[in-house]
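Enquirer:
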Amino acid sequence: MVQQSLTEYINKLLKAGYTPGAIRSNLINSGYSPAEINQAFTYLKKPKRKISLTLKVLIIAAISLTLLILIILGAVWLFTPEPKEISITITPLKTESYPGDTVSFLAELTSNVERIEQVLLSHELIDIKEEKIITAKQDRPEIGRKRSLTIQMNLPSDLKPGTYEIKTIMSYKLGTKQKKFNFNILEASEEEKLPEEYIEEFIEEEEPQEVMCPKSCDDFNPCTADSCEKGLCVHTPIIPCCGNGICEEGENMVNCAEDCAKTTKTPQEIITQANTVAKTDPEAAAMLCNKLTRQNDINLCFSEVAKTSGKSIICDNIQTQDSKDSCYMEFAIDGDYSVCSKIKNSYLSKSCNSLERSSIMLAQAEKISEEFKQSPE
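Sequential numbering of the sequence shown, starting at 1225, is according to this note's numbering.
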């Protein structure tokens, strides 16, 4: 066994600058055997090798830990979904209304990613003068890339004439955003009421004497058979239909490569292409919309194609009633009131008919004014 005192003594002499040979000679002269001296020197050398090995292990461990951290950070970055930013705009369908009526507006939601998430929309009717909230309502729609909503708020019957504000606050994962617009509440006067003969005329028009089919029921969708039944257009799906983007039973790469070949285009790219084609060929644009699989994408595609082509009948291809009504309402705002009878939402239907009556009254007023100017004084 190595003597601890001997090794400490040798280590002390080495640190003092003595050579191993001088130390060895001195120890032999002091009575230590060569074997004891050799064991002591060997023991002193072992810690150096141990320290060298420990440093090597520490270096390897540090490198391994660094690589592990980099791998974890890379995996987190790779599998963390892209943040979903959502923007909102609101557009009033009309800027004037009466107490007890409704105020309607369009809310357009757009996002940078396709992933569907739910948002909270809080709508407030605010009295600007009193700085207080009159009434409020909430909606919880889901949005992918784009979503259009038609919002209606009932106005209290005792609402005073003046300027009011509609504020919409959107709350989602990344925070909140808000939009607002002002509109006026009018006080109905005798001059603003329709003359009795005009009221009777409108009542008669609301009771059609005979059922007549429109000039055309073509919805520009080659995958539907268009017909007219009891004055209404009926669009019956054609199954299978080559060109609808679905590889149906009986179709294959030989007889319908258009549907059965794999596509690499994203829904947004298809919608953009359809919107471009709609300017010159609405039927081809409708075929592109049929290639989409998600109902929200299909509705958005047909809505865009209808607006771009200026053909309201393309809205008939939209399956979701709210989206279909919003599509029709776009045409009503531009003065095409033939769509009013197709709108199922009661509030939007009233708004559409109100726009039509206002247009007729304005035309009659302009006609009377023109006749008055031309009459001799």
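Ideal Cβ positions, reconstructed from N, Cα and C, are used throughout, including at glycine.
Inspect the beta-carbon positions of Pro1446 and Gly1467 and report whether they are closer than 8 angstroms.
Expert: Yes, the Cβ-Cβ distance between Pro1446 and Gly1467 is below 8 angstroms.
Enquirer: Name the one or two DSSP bridge partners that Phe1407 has.
Expert: Phe1407 pairs with Tyr1388.
Enquirer: In the DSSP assignment, find the unbroken beta strand (DSSP E) run with Arg1371 in it and report its ends.
Expert: Residues 1370-1378.
Enquirer: Hey, how far is the Cα of Cys1406 from the Cα of Thr1496?
Expert: Rather than Cys, the amino acid found at residue 1406 in this sequence is Asn. Each residue's alpha carbon lies about 33 angstroms from the other.
Enquirer: Could you spell out the range, first to last residue, of the alpha helix (DSSP H) harbouring Ile1494?
Expert: Unbroken alpha helix (DSSP H) run through Ile1494: 1491-1501.
Enquirer: Spatial neighbours of Glu1232 within its chain, please: CB distance less than 6 angstroms, with the 5 preceding and 5 following residues excluded, ordered by chain position.
Expert: Excluding sequence neighbours, Glu1232 sits near nothing in its chain.
Enquirer: Take Ala1508 and list the residues in its own chain whose beta-carbon comes closer than 8 angstroms to its own, dropping the five residues that flank it on each side.
Expert: Cβ within range, chain order: Val1501.
Enquirer: So, with DSSP's three-state summary, where would you put Cys1437?
Expert: Cys1437: coil per DSSP, three-state reduction.
Enquirer: For the structure I just gave you, are there three or more beta carbon pairs, one from the stretch 1359-1368 and one from the stretch 1281-1289, closer than 8 angstroms?
Expert: No, the stretch 1359-1368 is not in contact with the stretch 1281-1289.
Enquirer: Within this structure, are the beta carbons of Asn1569 and Ser1547 separated by less than 8 angstroms?
Expert: Taking 8 angstroms as the Cβ cut-off, Asn1569 and Ser1547 do not qualify as a contacting pair.
Enquirer: What does the Cβ neighbour count give for Pro1506, buried or exposed, with the cut at 16 atoms within 10 Å?
Expert: Pro1506 comes out buried.
Enquirer: Between the stretch 1371-1381 and the stretch 1555-1574, do three or more beta carbon pairs fall short of 8 angstroms?
Expert: Result yes; three or more Cβ-Cβ pairs closer than 8 angstroms.
Enquirer: Given that a residue counts as buried once 16 or more other Cβ atoms are within 10 Å of its Cβ, and exposed if not, what is Arg1339?
Expert: Label assigned to Arg1339: exposed.
Enquirer: Out of Leu1268, Ala1299, Ile1295, Ser1311, state which residue places its alpha-carbon closest to the alpha-carbon of Ser1335.
Expert: Considering only alpha carbons, the answer is Ser1311.
Enquirer: Alpha carbon to alpha carbon, how far is Pro1316 from Ile1350? Give it in angstroms, no decimals.
Expert: Between Ile1350 and Pro1316, the C-alpha separation is close to 15 angstroms.
Enquirer: At the level of alpha carbons, what is the spacing between Tyr1552 and Ile1296?
Expert: Looking at the two C-alpha atoms, the distance is approximately 52 angstroms.
Enquirer: How many Å lie between Lys1439 and Glu1389 at the Cα?
Expert: Whole-angstrom Cα-Cα distance: 43 angstroms.
Enquirer: Between which two residues does the beta strand (DSSP E) harbouring Leu1512 extend?
Expert: Segment 1506-1514 is the alpha helix (DSSP H) holding Leu1512; no beta strand (DSSP E) there.
Enquirer: Taking buried to mean at least 16 other C-beta atoms within 10 Å of its own C-beta, is Ser1257 buried or exposed?
Expert: Exposed.
Enquirer: If we ignore side chains and look at the alpha-carbon of each, how far apart do Gln1362 and Thr1490 end up?
Expert: Going from the Cα of Gln1362 to the Cα of Thr1490 covers about 32 angstroms.
Enquirer: To the nearest angstrom, how far is the alpha carbon of Glu1595 from that of Met1585?
Expert: Using only the alpha carbons, I get a separation of about 15 angstroms.
Enquirer: In the DSSP assignment, find the alpha helix (DSSP H) that holds Leu1579 and state where it starts and stops.
Expert: Run containing Leu1579: 1570-1598, per the alpha helix (DSSP H) assignment.
Enquirer: DSSP beta-bridge partners for Cys1452?
Expert: According to DSSP, which records beta bridges pairwise, Cys1452 is partnered with Cys1457.
Enquirer: How many Å lie between Lys1236 and Ile1247 at the Cα?
Expert: Computed Cα separation, rounded: 11 angstroms.
Enquirer: Can you list, in chain order, the residues of its chain with a C-beta nearer than 6 angstroms to that of Thr1319? Leave out the 5 residues immediately preceding and following it.
Expert: Excluding sequence neighbours, Thr1319 sits near Phe1407.
Enquirer: Return the residue from the list Leu1282, Gln1227, Leu1292 that minimises the CA-CA distance to Phe1265.
Expert: Phe1265 has its Cα closest to that of Gln1227, out of Leu1282, Gln1227, Leu1292.
Enquirer: Confirm, please, whether the CB-CB distance from Ala1449 to Ile1462 is below 8 angstroms.
Expert: Yes, the Cβ-Cβ distance between Ile1462 and Ala1449 is below 8 angstroms.
Enquirer: Quick one: what's Thr1544 bridged to in DSSP?
Expert: DSSP output for Thr1544 lists no bridge partner at all.
Enquirer: Work out the CA separation of Tyr1561 and Asn1577 for me, nearest whole Å.
Expert: Asn1577 and Tyr1561: Cα-Cα distance of roughly 8 angstroms.
Enquirer: What is the rounded straight-line gap between the Cα of Glu1425 and the Cα of Glu1411?
Expert: With a pLDDT of only 47 at Glu1425, under the threshold of 50, the placement of this residue in the model should not be trusted; the figure read from the coordinates follows. Roughly 25 angstroms between the two C-alpha positions.
Enquirer: Go ahead and pull the three-state DSSP assignment for Gln1342.
Expert: Strand at Gln1342.
Enquirer: What first and last residue would you give for the alpha helix (DSSP H) that runs through Thr1532?
Expert: Looking at the DSSP string, the run of the alpha helix (DSSP H) that includes Thr1532 is 1519-1533.
Enquirer: When DSSP labels each residue in this structure, what does Gly1245 get in the three-state scheme?
Expert: Three-state DSSP puts Gly1245 in a helix.
Enquirer: Per DSSP, Asp1363 forms a beta bridge with which residues?
Expert: Asp1363 pairs with Leu1345.
Enquirer: Closest by CA to Tyr1322, which one among Leu1294, Ile1358, Cys1441, Leu1383?
Expert: For Tyr1322, the nearest C-alpha among the options comes from Leu1383.
Enquirer: Looking at Ser1372: is its Cβ nearer than 8 angstroms to the Cβ of Glu1332?
Expert: In this structure, Glu1332 lies closer than 8 angstroms to Ser1372 by Cβ.
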